[in-house]
Each structure stands twice: as structure tokens, then as C-alpha cells.
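Working notes for the structure below.
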Amino acid sequence: MIEVTDLHKSFGDNHVLKGVTANFKKGDTSMIIGTSGSGKTVFLKCLLGLFEPDNGDICYDGRHYSKMTLKERRELRKEMGMVFQSGALFDSATIENNIMFPLKMFTNHSEEEMLDRVNFVLQRVNLENINNKYPAEISGGMQKRVAIARAIVMKPKYLFCDEPNSGLDPKTAIVIDNLIQEITDEYQIITIINSHDMNSVMEIGEKIIFLKDGLKAWEGSHLNIFKTDNKAVTDFVYSSNLFKKVREVYNKG
Amino acid sequence: MKYLKNIGKYFIMLGQVFRRPQKRAIFRENLFKEIEELGLKSIGIVAFISFFVGGVVAIQTALNVDSPLIPRSLIGFATKRSIILEFAPTFMSVILAGKVGSYITSSIGTMRVTEQIDALEVMGVNSLNHLVLPKVIAAVSFYPFIVLLAMILGIVGGWVSGFATGLFSSDEYITGIREDFKVYLIQYSLIKTMVFAFMIATIPSFYGFYVKGGSLEVGKASTKAVVWTSIVIIVLNYFLTQMLLG
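Residue numbers (my numbering), protein chains in the order written: chain L, 1 to 253; chain X, 254 to 499.
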């Protein structure tokens, strides 16, 4: 379980996170949503340890981040997988080497064992025969799937995704969403996704946290997001014409 | 104030760079890759420039030594001294600061703006140690050889220019090269080179690692890195000369 308590983060005079408290359970796909500038990415980067919180605490299965040494923090990060918005694949390395990198760095497996694991995770994300290609030689959707494969190759306890669907067509976006949910269920990990894609929210948002101006404005699930009368959430959800129409049809019965 | 802050940040960065590599096999692999990128791929330009500058120094000296009281061997002697003392270590380092410095800043900077460095950090990798240490070791260990090559080719270039122009004979030039040959001057030159190599690897890494923004900022950071590395080399050259020869 990840427990976040009263998290604050500022950059100069810009107070981005103003005291966010949230819990994330094993086996849940949680989504952080909100408009641009609401603090979603900063929140996620604090959870990843890329930003040091100014105040508050993050507890990973009983381990308090603020009390950890630099070495302990690096060890903790080995339990994390991250899918970046851009994919963040190493562009000078082949797909195989991209996925194999954490194995080479942190395990003592033989070359054969590592290759087996790479092929296994590639198959898991429905990719084959691309081992020797470079990231620039594959499509955006495939890059996202490779990024997911790299994120799960070390069997992480925590999986973080920053807008995994950005730049993808709706069909591929659904494939990526389903893949993330399947992996979360299969490995019983904690998955936290940053998104402002309402389709994703409806598809896999078992738990949704809505951030507004650095504060948690609402918490719920995809089952009750349409029922809430929280103005910030309704403004966000119904900014899409599609969902406006859905509401009209729903209200007409 | 901003400069002081950056100097402090630079030394904090060095603290992270000089840690024990997390995996020796990966460090070794990266080291050989950097020796190729920073060293072997610079040999061509270094050889080309050294040869021609050596020739020009010899011709300039020959044209300015027209007094019968001055021995003709001075041409070889002056060419050798100027190449060993300044041209090979300092001038070559400034050229490498431009060529290699811009490569280092742009490659690390691009990794930063495309979140590849964040990806390393999230995996638990000490990204500074992983990216910068192999560059520092490659530059510090390989550039002395490049500078030795520059010395040899510069002197050979001077010798060839004698044939080409007929301004001095081979014997006169070789006599000058052999005259008052001090090994310490080569040692002094190599010590300077190692210090400059350290700067060539670390200053551009600093600018690349801490860049913020997009491709335009990476370009600006590359320019800044080359300018500051060149300035630091020139200033350090003054102090090292004072310390080692003064």
C-alpha cells in the first residue's frame, strides 16, 4: 500500500501541491486526473522520488520515504516501474537492450536468462520480432508497449504511468489501457496512472483522484464519477462534447 | 550570485559522479564506447589540424628568421617548443572542447529533455555516475595520447613544409628538433592535457545534465558549455604554466 499524507511541493513562489492525502491499494488501478497545471505530474514525480516533497510523507508498504537514506531510496526505486508520457526509451539502444538494461544493471542473470525474460515481457505486451529494432524504427503505440515491457521486466511492486495514451489513436489507447489493467490484476501490483483522457478513466479507473489547484477535490471511481455534483469534476468531465451528449441521453432515460 | 550557485552545483555534481559504478561490466562497456566517441573519432580532425599548423608555424618562423647571426636550426627548435608547450595541449584542447563538448552537452541534454535521465533515476541508477564517469575516465586517459599524436604530427608537418617551400633544409630542421630536448616539457604538456580533458568532460556534462526545456535550450546549453569550457581551459592554462614552469 502507498499512503500519501499531506503532501506539499513548491517551486519558488509556485505552491503546486498544497496538502494532498491519498491511499493506493495493491491490485487497484488508480487514476490521477485533473486539468493541466493541477499538479498531477508533480504528484507522480514525488511518488517516484524524482521530486523531494517540501512537507508531508509518502509511505511505501510501511517504509517512510522521508526517513530513507539515498541508498535505501535507490533500492526502493528498483521496485518501481514507470511508463513515461514520451516512452523515454534509450534511443541509442535496441528494443532488446532497452528492456534488458535494468536486468543487466541489477541482476546477475546469465545472458540467456535475461533474453528469455525480455522475450517473455515482449510477448506479454503483444510484441514480437522487434528485438533488434531501434525506438525510432517503431510506431508510437509500439514504443508505449515497449515502455510497459521495460517497466515490468524487473517485476515491480509499483507501476506508474504518466499519460500513457497521449498521442495515440483511440483504438491503440484502449489496447494500452487494457494491457495496464491486465498487468495490474495479474501481478497484483499498485498501479497509478496520470491522465486527462476520460475514455481511459471510464475504461480502467477503479479508483479516481481528481486534483484541482494542488488539492484533492474529489475521490471516487468510474462508476460514480457521472453521479457526483462536485462542480470541479463535472466541469472537467463535461468539457467533452461526447460526454455532454452521454449525459443528455442518460437524463432523457 | 548565479555563477557562484552554478559552481556549487558543479561540485555537488562531481560528488555524485565519483562514486563506485553500480555494475562494473556496464561501466566497462560504456567506457569503451566513450573512448571511441570522444577519443578515436577525434583523431582525424586532430591529425589534420596538427599537421598543417605545424607546417604554418615552421614557415612563419623561417620567414621571420632572416638574420645571418641567428642559426637556421632555430626554425626546428621554435616549431618544436611552440607545438609541445602550447599548440598541442592548449590549442587542441580548445578544439576538442568545441567538438567533444557540444557532443556531450547535446547527448546528455537530449536525454534530459526526453525524460531518459528520469527513466534511469526511476530504475534506481545513479544517472550522473552512469553517464558522466565513463566520459571523464575516457577523456583523461585517452587525450594525452591524442596530444602526443598532435605533437608528432605538428613537428612532421613543419618538416614537410621545409621540402614544400624550400625555406629550410631537412638537416637544419632536425638539428633544431634535437636541440635542448627536455622530457619535462612533454610531462608538463601531458599534465595540462589531463586537467583540460577533465574540464572537457565535466563542464559540458554539467550543462547537459541540468538543462531545462526543449531542443532550443539544449542548443543554447551546448553553446554555453563550449564557451565556458574554452574560458576555463585558457584561465587554467595560465595558472598551470605559472605553477609548473614558473
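Using N, Cα and C, we set each Cβ at its ideal position, and we do this for glycine too.
It should be emphasised that the depicted structure is a prediction, and the values quoted were computed from it without experimental measurement.
Ranked by Cα distance from L/E163, the options L/S30, L/E3, L/D6 are led by L/S30. Sequence-distant Cβ neighbours of X/T418 in its own chain, meaning closer than 8 Å and more than five residues away, are I312, A315. Under the 9 Å criterion on CB atoms, X/V400 is classed as non-interfacial with respect to chain L. Here the alpha carbon of X/I484 sits roughly 44 Å from the alpha carbon of L/S139.
Neighbours of L/M31 in chain X, taken as residues whose beta carbon is under 8 Å from its own, are absent, since the nearest beta carbon is some 19 Å off.
One thing to note: L/I193 has its Cβ no nearer than 9 Å to the Cβ of L/I148. Put simply, the CB of L/K244 is far from chain X, with every gap to its CB atoms at 9 Å or more.
In this structure, the beta-carbon distance from L/Y187 to L/K155 falls below 9 Å.
One Cα belongs to X/A403, the other to X/F459, and the distance between them is close to 28 Å.
Among the CB atoms of chain X, one or more fall inside 9 Å of the CB of L/A88. Neighbours of L/L50 in chain X, taken as residues whose beta carbon is under 9 Å from its own, are D371, E374, V375 in chain order.
Per DSSP, L/M68 lies in no alpha helix (DSSP H) and is assigned neither H nor E. L/I32 sits away from L/I152, with the two beta carbons spaced by 9 Å or more.
For the 9 Å CB-CB criterion, X/I399 and X/G292 form a contact. Just measuring C-alpha positions, the residue of X/R325, X/G410, X/G297 sitting nearest X/F305 is X/G410.
In terms of beta-carbon proximity, L/L76 lines the interface with chain X, with at least one pair separated by less than 9 Å. Judged by beta-carbon spacing, X/E432 lies within the 9 Å limit of X/F330, meaning their Cβ atoms are closer than that value.
Secondary structure of L/F24 (DSSP, three-state): strand. Residues of chain L whose Cβ lies closer than 7 Å to the Cβ of X/E368 are, in chain order, F84, S86, A88. Where L/N97 is concerned, there is no enclosing beta strand (DSSP E), although the alpha helix (DSSP H) around it starts and stops at 95-106. The region 436-450 of chain X and the region 479-497 of chain X touch, with three or more beta-carbon pairs separated by less than 8 Å.
Near chain L, meaning a CB-to-CB distance below 8 Å, no residue of the region 259-270 of chain X qualifies.
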